[in-house]
């Protein structure tokens, strides 16, 4: 079962190659229980060693072939290796940030009681050491029953191929069932075959590698085309060179294709953030005509609600974000209704006063948050299911948080559309916004509808705040950085038109991201703004203007 | 005239209340504190205000200075750069403070500089900055580029083997000047222009996805790549988050930051950041008796055992101690005499070394490189062999290479060694 390979980091390569000829590749099974003492002694050296010395100690541990090597190295990699201050004894702990720490004996791997975190000292690692450890641990993971663990292990091993690694991969290739892992191993073997002295083998290897999308493979193939300082090619065979050039061109083509897709996705994800922040405003500003300068602060309230919900349920961070969505809707919606009842309802038809009053409210809300939560940013934890990225292939990865936010924006948009088009309250809202007097004459309580409309718009702003809490800093100034963007989207899309906000937001996001690689973040934003101003000159009512008599009243 | 009378009357009343137990108004030494207590910089600067207050409190408990009690005069320039100049004038002209501790951003320092030079005041500036300046009236206790940026780049080049560089910064004067110096330095070390990528983003930027993807692409050319970050303030949080999400680990592409310290990390989930680097002259995790005592005193003063300490706090601590020594040496709080007494003075820093005031009004500082740990503290992975002397004028920029600052012999902050001319104090 255990297939140790005595090996540490890259810098130990020469030593290893020398050793490789002395000891058999397949190391001895865990028969040397008598070596417990020497294993512990080697382990003990980690306490005092400098970062320069630690790789050699890891190397020695790896050599020992002791059954708990894997557990110890994994623990060291995950900052879970400690020593007790009183007797200098080394322990693995279950969780690094717990107090008290639950100890595990490094020899038997059985629980060994607990200790307060003050009485223990962590054994530190640095970047260089962690990459040595990752490589060492990858070798163990190659025989893991979990295919995704094996895949990661193979990818880790591909980063520095050498004799023993290739031998291990070859061994694994014979028994590997999973196609993805197998393909990755074949890439590794082909990469190794590029060093072969037989041009035919090299050609074959290039044929295999041609279908890869990995940048590392591409870089390796390009090396074949490089010239030596004396002008001769480093690859002597012209056929191999031709094949390599073809493979590089093919990989480049595919990579640039996927990179375009990625840019498009980035645009969509920025666009969906814009849609999310604008959609509440599309209701309050678009449908009701209220210039609500406190819209950003309602989003901020949503973000802080996420923070409070996480504080309330620290054990369930994973679902806290989902709980926060309705909570933020209610909090921001309630504040919105309160604002409407106390201030805005007295100011209908007086846009300048509304603007100033809501601006005042935004300052009050900011200061309130500063007084309650302090001026410092609060950290909202990203749940595990939203961290990391979805790897579609070597050239295209999509981060989960952005993916979920795109989906989330579309869901929120559809729900709002559904509410406005298919429910009684939606009908009332549309009726009041189109012709208030007539709607009242038909028995609609217009004041109540106004409050509900404003509450709906504010609640959606709160929901957008939950999404923002995953992307940016949760602080009192959160709202201010988004208020301009949200007005832009609504004006661009066409006041009073939800579809306009969707198309407007998405297209602004995509254009921004298409420009950014060439113009830089600052200029790209300026270009988008200038383009918008020009557009508004041509079509003052935005992409999708409201038509008919209702439009004339606004 | 009348208004002045009212003012002074009001001041007398205020002073009488303030020093009800102590003696008269002339029996105290006034110390100005010029840090933003509101606005965007409040997050960082409030801590420094508290540090100065703590130092004053401790000095008073030791019996004050020259037998007099020290009284702080705290003003709030509200992260508003022109207001810094107004408040500085108020401190120097109205309150007649002996010394001012203050400023954080370079633009606020540039704003108060003319005021301090006109009124012949004394400012202790505690934050790392871009250099290219030496004023008679300012003591720079933060790091100059050769005490932070250059050693960090050297570390990455020599110890980590970095061959390709991304200089990523926020769009304002400190990152732009620092990156100019770094670019010149890297080219001097033989790095080709195609291996350097420089990019700026606005304050508070949060949509990092395409920038991080671009860094990833730049870093996949087969050469070891590092990011030198002068990204300022809270834009760092989404930046590091995006790095984590796109799976750029510190082992692949390390990011070394010059503006990210313990205080900035205290509001962040640091697990995805483990291994990324920061270069400072002080870390809270450095285990010396002086540092331990300082942290304990800080926790007791601020009444919160969870508050962190950071590099600008140490610079404030050093600055205050240097000022106390200079006043004792000059037997006066007169700024002219104190400024003359400062060069050559030494005081221990918190990490076991000595901070010495140099003739160019900068100080000697050790340089530390730390890797971020999961608990938000730093694990020191490199330390300069001794203290590094702060260099006001970078040796790597063509314009400033020949310029020297010396307030002892040359009495000049901008002396051109080629033309043998002194052209004021500021870099033009």
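Protein chains in written order, with my numbering: chain V, 2 to 555; chain E, 51 to 478. Cβ atoms here follow ideal geometry from the backbone N, Cα and C, with glycine treated the same way. Since this is a predicted model, take the numbers as computed values, not measurements.
| Item | Value |
| --- | --- |
| Buried or exposed: which applies to residue 386 of chain V, given that a residue is buried once 16 or more other Cβ atoms fall within 10 Å of its Cβ? | exposed |
| Between the alpha carbons of residue 509 of chain V and residue 239 of chain V, how many angstroms are there, rounded? | 49 angstroms |
| Would you tell me roughly how many angstroms separate the C-alpha atoms of residue 28 of chain V and residue 66 of chain V, rounded to the nearest one? | Low local confidence applies: a pLDDT of 42 at residue 28 of chain V is under 50, so the model's placement there is unreliable, with the coordinate-based value given in what follows. Cα to Cα, the separation comes out at about 7 angstroms. |
| Residue 315 of chain E to residue 311 of chain V, Cα distance in whole Å? | 19 angstroms |
| Can you list the residues of chain V that residue 247 of chain E reaches, using a CB-CB cut of under 8 angstroms? | Near residue 247 of chain E there are no residues of chain V at all, since even the closest Cβ is about 11 angstroms away, more than 8 angstroms. |
| Find the nearest neighbour of residue 427 of chain E within the set E:265, E:319, E:103 and E:285, judged by alpha-carbon distance. | E:319 |
| Ignore the nearest five residues each way along the sequence and tell me which others in residue 466 of chain E's own chain have a CB closer than 6 angstroms to its CB. | 452 and 453 |
| How would you call residue 136 of chain V, buried or exposed, if buried means at least 16 neighbouring beta carbons within 10 angstroms? | buried |
| Could you name the residues of chain V that residue 230 of chain E contacts, counting a contact when the two beta carbons are closer than 7 angstroms? | The premise fails here: residue 230 of chain E is roughly 17 angstroms from chain V at the closest Cβ pair, so nothing lies under 7 angstroms. |
| Grab me the residues of residue 115 of chain V's own chain with a C-beta within less than 6 angstroms of its C-beta, minus the 5 sequence neighbours each way, in chain order. | 101 and 103 |
| Starting from residue 510 of chain V, trace the alpha helix (DSSP H) in both directions and tell me its first and last residue. | 499-539 |
| Give a yes or no on whether the C-beta atoms belonging to residue 496 of chain V and residue 543 of chain V are separated by under 9 angstroms. | yes |
| Skipping 5 residues on each side, what residues in its chain have a beta carbon closer than 8 angstroms to that of residue 547 of chain V? | 495, 496, 497, 498 and 555 |
| Can you list, in chain order, the residues of its chain whose CB lies under 8 angstroms from that of residue 416 of chain E, leaving out five sequence neighbours each side? | 331, 399, 401, 403, 433, 434, 436, 437 and 438 |
| As an exercise, report each continuous alpha helix (DSSP H) stretch of at least 4 residues that is fully enclosed by the segment 218-260 of chain E, in chain order. | 223-238 |
| For residue 52 of chain V, would you say it is in contact with chain E, using Cβ-to-Cβ distances shorter than 9 angstroms as the test? | yes |
| Thinking C-beta only, is residue 238 of chain E closer than 9 angstroms to residue 195 of chain E? | no |
| Roughly how far, in whole angstroms, is the beta-carbon of residue 335 of chain V from the beta-carbon of residue 469 of chain V, given that I think they are within contact range, below 8 angstroms? | Actually they do not touch by this definition, with Cβ atoms about 19 angstroms apart. |
| Does residue 433 of chain E have its Cβ less than 9 angstroms from a Cβ in chain V? | no |
| Is the beta carbon of residue 324 of chain V closer than 9 angstroms to that of residue 406 of chain V? | no |
| With distance defined between alpha-carbon atoms, name the residue in E:372, E:440, E:103 and E:326 nearest to residue 299 of chain E. | E:326 |
| For residue 287 of chain V, which residues in the same chain have their Cβ closer than 6 angstroms to its Cβ, ignoring the five residues on either side in sequence? | 491, 496 and 497 |
| In the DSSP assignment, find the unbroken alpha helix (DSSP H) run with residue 357 of chain V in it and report its ends. | 352-374 |
| Residue 281 of chain E versus chain V: which residues are under 8 angstroms apart at the beta carbon? | Per Cβ cutoff of 8 angstroms: no residues; residue 281 of chain E is ~12 angstroms from chain V at best. |
| Would you say residue 250 of chain E reaches chain V, if we count a Cβ-Cβ gap shorter than 9 angstroms as a contact? | yes |
| Taking the alpha-carbon positions, what's the residue 480 of chain V to residue 253 of chain E distance? | 15 angstroms |
| Where do the ends of the beta strand (DSSP E) carrying residue 92 of chain V lie? | 91-94 |
| Using 9 angstroms as the threshold, is the C-beta distance between residue 200 of chain E and residue 418 of chain E below it? | no |
| Tell me whether residue 372 of chain V, by its Cβ, gets closer than 8 angstroms to a heavy atom of the ligand ADP. | This structure does not include the ligand ADP; it has no bound ligands of any sort. |
| Can you find a C-beta in chain V that's less than 9 angstroms from the C-beta of residue 301 of chain E? | yes |
| Closer than 7 angstroms, Cβ to any Cβ of chain E: which residues of the segment 505-521 of chain V, in chain order? | 514, 517, 518 and 521 |
| Using the C-alpha atoms, what's the distance from residue 91 of chain E back to residue 424 of chain V? | 48 angstroms |
| For a contact defined as C-beta to C-beta under 8 angstroms, what are the partners of residue 260 of chain E on chain V? | 264, 267, 514, 517 and 518 |
| Give me the Cα-Cα distance between residue 384 of chain V and residue 318 of chain V, rounded to the nearest whole angstrom. | 6 angstroms |
| So is residue 526 of chain V in contact with chain E if we call contact Cβ pairs under 9 angstroms? | yes |
| Check each residue of the segment 301-322 of chain E: if its Cβ is closer than 7 angstroms to any Cβ of chain V, include it; give the result in chain order. | 301, 304, 317, 318 and 319 |
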